[in-house]
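These notes concern the structure reproduced below.
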């Protein structure tokens, strides 16, 4: 039986935690349940993570800072920012359709700050900000590179457009989880990206 590296084991615990949170909620995502989902000894989880909070922080990172690495690559192009906005929106959506539990987990984590006591509120809020900072920074970087590669000026309202882009994805995904319709939701995502590209301020 092949030996699993510590890094691979940590990654598997993070992915397993995301699935458990989606299925049972944050409060019920015990380290024992997560270890069972990963088909690994509980002692191995505690070797990789000091406590549940440290593991949760890595789940936040996996779903925000590291999320772009899990997406299909955007082909190198000089077609411009509007083209890349649409391509990026659709590849995010394809990932969501293939892994719906990740979006459920994201919502569970973001709502966690309303389910903890006052002493835990600041830490939970800080985690939420970290998650959105990860999305905003990685998306703005992609959009800036797209404009630069095409010889376009960087829009003065790019941060606002990026925040609206992410809000649009969130809203459509929530609607889709409540009432799934693959074709309708994918077209909404495409139209959202197209509409935002038309109000870029050059």
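Numbering (the working numbering), first residue to last: 17 to 218. Think of the CB as a built atom: it goes at the ideal place given N, C-alpha and C, for glycine as much as any other residue. What you are looking at is a predicted structure, and each value in this text was computed from that prediction instead of being measured.
- Each residue's CA atom was taken as its position, placing residue 119 and residue 134 some 26 Å apart.
- By the Cβ neighbour-count rule, residue 114 is exposed, with fewer than 16 other Cβ atoms within 10 Å of its own.
- Take the alpha-carbon of residue 112 and the one of residue 188: they are about 11 Å apart.
- Looking at the backbone, the Cα of residue 165 and that of residue 203 are separated by about 27 Å.
- Look at residue 169 here: in three-state DSSP terms it is coil, with no helix or strand label.
- Segment contact: the stretch 103-112 against the stretch 78-93, three or more CB-CB distances shorter than 8 Å; contact assigned.
- Here the alpha carbon of residue 214 sits roughly 48 Å from the alpha carbon of residue 52.
- For the pair residue 144 and residue 127, the CB atoms are not nearer than the 7 Å cut-off.
- By the criterion of at least three beta-carbon pairs nearer than 8 Å, the stretch 142-162 is in contact with the stretch 73-86.
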